[in-house]
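Engineer: Under the numbering used here, read the sequence shown as residues 16 to 86, first letter to last. In this text, a Cβ means the ideal position worked out from N, Cα and C, and glycines have one as well. Remember, predicted model here, so these are calculated numbers, not experimental data.
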Amino acid sequence: MVKIWIPVLLVLATAACASTSDTQHGWTGAGTVPFDRAKDKCEAEAAPVKEKVARQEAMELCMAKYGWLRK
Numbered sequence: 016m017v018k019i020w021i022p023v024l025l026v027l028a029t030a031a032c033a034s035t036s037d038t039q040h041g042w043t044g045a046g047t048v049p050f051d052r053a054k055d056k057c058e059a060e061a062a063p064v065k066e067k068v069a070r071q072e073a074m075e076l077c078m079a080k081y082g083w084l085r086k
């Protein structure tokens with residue numbers, strides 16, 4: 016019975032690693048909104064801000080609304 020569970024656990028562990036998205040690099044949290052959706056919304060909201068630092072701040076504030084924070 017144990018021999019059956021070892022491959023299953025190995026597959027589950029590998030799947031967990033594979034599900035970590037590189038698109039979340041630098042962000043942490045378990046937001047109520049999935050990361051990619053929050054990122055898309057916030058990029059659109061921050062896009063009109065011309066100054067780079069202000070645009071980054073707008074992005075971070077927006078992402079925080081969805082439960083995502085910069086590391």
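1) Between the beta-carbon of Ile42 and the beta-carbon of Met74, is there less than 8 Å?
2) So the alpha helix (DSSP H) Ala53 belongs to, where does it begin and stop?
3) What residues in its chain sit with their C-beta under 8 Å from that of Arg70, if we drop five residues either side in the sequence?
4) From what residue to what residue does the alpha helix (DSSP H) around Ala73 run?
Structural biologist: Concretely, from the data shown:
1) What sits at residue 42 in the sequence shown is Trp, not Ile. Not a contact, by the Cβ cut-off of 8 Å.
2) 50-61
3) Ala61, Ala62, Val64
4) 67-80
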